[in-house]
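full-length UniProt numbering puts the first residue of the sequence shown at 1, with every later residue one more than the last. Even for Gly, the Cβ is constructed at its ideal location relative to N, Cα and C.
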Amino acid sequence: MRCIKLLLVIAILFQIYGCSEPTVVVDHSKNGRWVKTLPLQLQQQHQLEFTGVLRARTEVPLAFQVSGRLQQRLIEPGQLVRKGQLLLQLDPKDLTEAVRVAQAGVDAAKASVNTMQAELTRTKALIKKGFISDQALEQVQLKFNEASANQDRSQAQLEQARHALTYAKVHAPDDGIITQISSEPGQVVTAGQPMASLATVQQAEVEIQLPENLTPPGSGTVLIDGQSVQLELRSFAGSADPQSLSRQARYRLLDAPATIALGRVVQVHFQEDQSQIAQVPVGALDERGVQPQIWQVTDGKVQASPVEILVLEGEMASIRTSLTNGSHVVVLGAHLLQPEMAVQELPQ
């Protein structure tokens with residue numbers, strides 16, 4: 001009886017398991033990671049725009065070559081000046097007195113030379129008569145030489161004092177605009193101390209701060225007073241500023257207007273090569289390698305493709321790429337991918 005019950009329980013269990021669905025274990029690793037992709041859209045036109053400042057290629061610091069008290073300042077910031085125009089002048093009183101003292105020294109030295117010349121002539125005559133020895137002549141000759149040297153020294157001091165008097169005036173070395181003034185009449189200044197800055201308007205340039213990863217374009221345009229002026233790259237910094245992470249570039253103006261307001265903020269436009277420029281979300285960029293890269297999906301697998309980042313604007317990045325138009329690129333989670341990794345594209 002007990003065996004019959006046991007067989008009945010076993011039969012019931014077989015019936016229950018036979019009616020249930022078998023459990024299927026799916027290996028998702030064979031299908032690959034799910035990724036979000038977008039088709040790459042190469043731009044037909046791409047223009048970069050930056051803010052720049054009109055600068056002079058050269059800004060000359062204006063300073064006196066002698067010390068003194070500033071008597072006149074004949075310039076104001078922003079003033080246009082001409083070559084040779086008087087800009088600054090020191091009080092000439094002390095310098096004029098120095099010239100007078102130096103002139104007196106020259107006169108005294110000349111008198112001493114004349115005296116020793118007469119003494120030398122007299123001594124030579126006495127030697128011929130045998131009244132004095134040759135040693136006496138040597139002493140007189142030595143004193144005459146000393147007087148002559150003192151005359152030369154006094155004459156040089158006079159010339160130096162005269163030059164110093166001319167240095168009491170600062171004239172414009174070239175046509176330009178006064179960009180900065182750091183002096184006031186009555187101020188005591190030292191030789192070489194900058195009094196003002198003169199910017200030459202004949203060589204105006206545009207100064208721009210460019211992203212460190214952007215190769216400075218060779219040419220561009222800037223709008224000045226309604227006139228489009230061509231630009232040509234003159235120089236750019238070899239390394240980025242550690243604070244702003246940008247590189248300074250300077251562009252010379254070609255056929256610039258006759259008058260330019262230096263220090264003015266302007267908009268600069270650069271036309272980039274259109275063929276390989278695209279915009280992608282910043283999530284598509286992977287910077288784990290030697291250079292930035294994006295990931296292309298081909299036949300269910302990903303491959304890295306190096307890019308050049310041109311501009312970062314918010315959530316989008318402008319890049320230069322070698323991929324073709326319409327290529328599917330991963331736009332989210334690029335930093336998790338590896339070469340030849342199997343992936344599945346989410347529906348777009």
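**OP:** Return the CA-CA distance between residue 261 and residue 170, expressed in angstroms with no decimal places.
**Re:** Looking up residue 261 in the sequence shown gives position 261. Looking up residue 170 in the sequence shown gives position 170. Straight-line Cα distance between these residues: approximately 24 Å.
**OP:** Would you identify the three-state DSSP class for residue 75, choosing helix, strand or coil?
**Re:** In the sequence shown, counting from the first residue as 1, residue 75 sits at position 75. Residue state, collapsed to three classes: coil.
Subject >> Classification of residue 327 by the beta-carbon crowding that lies within 10 angstroms, buried from 16 upward >> reply: Walking along the sequence shown from the start, residue 327 turns up at place 327. If you draw a 10 Å sphere on the C-beta of residue 327, you find 16 or more other C-beta atoms in it, and that means buried.
Original post:
For residue 241, does the three-state DSSP call read helix, strand or coil?
Top reply: For the purposes of this step, residue 241 is identified with residue 241 of the sequence shown, where counting begins at 1. In the structure shown, the three-state DSSP call for residue 241 is coil.
Subject >> Distance CB(residue 231)-CB(residue 268) smaller than 8 Å >> reply: Locating residue 231 in the sequence shown gives position 231, counting from the first residue. Locating residue 268 in the sequence shown gives position 268, counting from the first residue. Cβ atoms of residue 231 and residue 268: closer than 8 Å.
Original post:
At which residues does the alpha helix (DSSP H) containing residue 66 begin and terminate?
Top reply: Within the sequence shown, numbered from 1, the residue matching residue 66 stands at position 66. Here residue 66 belongs to no alpha helix (DSSP H), and DSSP marks it neither H nor E.
Subject >> Which listed residue (148, 106 and 189) has its alpha carbon closest to that of residue 62 >> reply: On the sequence shown, residue 62 is found 62 positions in, with the first residue counted as 1. Considering only alpha carbons, the answer is 189.
Original post:
At what residues does the alpha helix (DSSP H) containing residue 140 begin and finish?
Top reply: In the sequence shown, counting from the first residue as 1, residue 140 sits at position 140. Counting along the chain, the alpha helix (DSSP H) containing residue 140 begins and ends at 134-166.
Original post:
Can you tell which of 203, 89, 205 and 81 has its C-alpha closest to the C-alpha of residue 185?
Top reply: Here residue 185 refers to the residue found at position 185 of the sequence shown. The option with the nearest alpha carbon to residue 185 is 89.
Original post:
Ordered along the chain, which non-local residues of its own chain (more than five positions away) have a Cβ less than 6 Å from that of residue 105?
Top reply: On the sequence shown, residue 105 is found 105 positions in, with the first residue counted as 1. Once the five neighbours on either side are set aside, the close Cβ partners of residue 105 are 154.
Original post:
Where do the N-terminal and C-terminal ends of the beta strand (DSSP E) with residue 227 fall, by residue?
Top reply: Numbered from its first residue, the sequence shown carries residue 227 at position 227. Note, residue 227: beta strand (DSSP E), 227-236.
Subject >> Distance, residue 316 Cα to residue 264 Cα >> reply: Along the sequence shown, one-based indexing puts residue 264 at 264. Along the sequence shown, one-based indexing puts residue 316 at 316. If you draw a straight line from the Cα of residue 264 to the Cα of residue 316, it is about 30 Å long.
Subject >> Three-state secondary structure assigned by DSSP to residue 82 >> reply: By 1-based counting over the sequence shown, the position of residue 82 is 82. Coil at residue 82, not helix or strand.
**OP:** Can you tell me the Cβ-Cβ gap for residue 229 and residue 255, rounded? I've got them flagged as a contact below 8 Å.
**Re:** To locate residue 229, count along the sequence shown from 1; it is residue 229. To locate residue 255, count along the sequence shown from 1; it is residue 255. So it is a contact: roughly 7 Å between Cβ atoms.
Original post:
Where does residue 127 fall in DSSP's three states?
Top reply: Sequence index remark: in the sequence shown, residue 127 carries index 127 (1-based). Here residue 127 sits in helix by DSSP.
Original post:
Is it right to say residue 238 is buried, meaning 16 or more other beta carbons lie within 10 angstroms of its own, or is it exposed?
Top reply: For this step, residue 238 is matched to residue 238 along the sequence shown. Label assigned to residue 238: exposed.
Original post:
What three-state label does DSSP hand residue 343 in the structure shown?
Top reply: For this step, residue 343 is matched to residue 343 along the sequence shown. In the three-state scheme derived from DSSP, where H, G and I count as helix and E and B as strand, residue 343 is classed as strand.
**OP:** Confirm, please, whether the CB-CB distance from residue 177 to residue 78 is below 8 Å.
**Re:** Numbered from its first residue, the sequence shown carries residue 78 at position 78. Numbered from its first residue, the sequence shown carries residue 177 at position 177. Contact: yes.
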